[in-house]
Amino acid sequence: MKTENYLLPGLERQIEFLFNNHKSTASNILVVGSNCEEISKELSRHFDAQIDLIVEDYDSLMNSKLLLESSENINVRLMEFEVTDFEDASFDIIYAQASISLNKRNKIIKEFNRLLKADGFLCVGEVVTLRKDFPPFVQDIFDSSDLLPLFADDLEKYYTERKFNVIVRQNLSHTLKNYYSSNVRLLDRSIDNLSASEKSYYKKILNKLSHESNAYLKLGGDKFIGFVVLLLQKGIR
């Protein structure tokens, strides 16, 4: 897998984590969040599954539809993550990479519980704090993306309290430096090759990443910000 195809914290390591640790079949998978086009393709190929990709803004919807127009098994929809239109117990797997570490996380997880089949799986990558106290520049990074990260040591407890069983956990904090540095350069180099609509979309990402990467790389963000991925199974209520 090429790192440049995964412009998210955790890079390609989260989907590799899922493939290495999930050995069951899956016919219906929900992918949650922007910039997940390549992830959706990989999941469709690996599991031979029907994929639903949901995003929360119109630009992401249009961009994803453009990039996935030849992918017959992937449907892209515009939905709020905490209030979707899917029926109960629709999915074998829900995949969320750095897309739900938000103020509305509790409502999103409640919705995920509704959407998962009995004994279904949630593969979630969470931006976390490595310390309970952190400087203002870290809070600025969180505020710019509307993030409300959990403290790393509290992550598993959060999900077990919501009736998920933790199958396996992996710390991918070491990927953040590469995410903030190499991905910004890749976006910068590729911007001239994009169409007008793609350029408008990716410039927003580039500007946001540039601001966050400067703070992370130059001010010591690695001491305070981490990324952890969990494979969880829906528990019996």
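Heads up: the sequence shown begins at 179 in our numbering, then just goes up one per residue.
The beta-carbon is built from N, C-alpha and C at its ideal position, and this holds for glycine as well.
Since this is a predicted model, take the numbers as computed values, not measurements.
Between residue 303 and residue 405 a beta carbon distance of about 6 Å is seen, short of the 8 Å cut, so the two are scored as contacting.
For the options 239, 341, 351, the alpha carbon positioned closest to that of residue 231 is the one of 239.
For the 7 Å CB-CB criterion, residue 210 and residue 277 form a contact. In this chain, the alpha helix (DSSP H) harbouring residue 286 covers 283-293. Rounded to whole angstroms, the gap between the alpha carbons of residue 217 and residue 337 is 23 Å. For residue 195, the uninterrupted alpha helix (DSSP H) segment begins and ends at 191-199.
Here the alpha carbons of residue 396 and residue 268 stand approximately 44 Å from one another. Judged by DSSP secondary structure, residue 255 falls within the beta strand (DSSP E) whose first and last residues are 252-256. By the C-beta density criterion, residue 220 is buried, having at least 16 other C-beta atoms within 10 angstroms. In the DSSP assignment, no residue is bridged to residue 214. Measuring C-alpha to C-alpha distances from residue 253 to each of 242, 262, 261 identifies 242 as the nearest. The C-beta of residue 261 has fewer than 16 other C-beta atoms within 10 Å across all chains shown, which makes the residue exposed. Following the DSSP letters along the chain, one finds residue 407 in no alpha helix (DSSP H) but inside the beta strand (DSSP E) bounded by residues 403-412. Scanning 229, 197, 387 for the CA closest to the CA of residue 356 turns up 387. Shortest Cα-Cα distance from residue 344 to any of 401, 281, 409, 271 involves 409.
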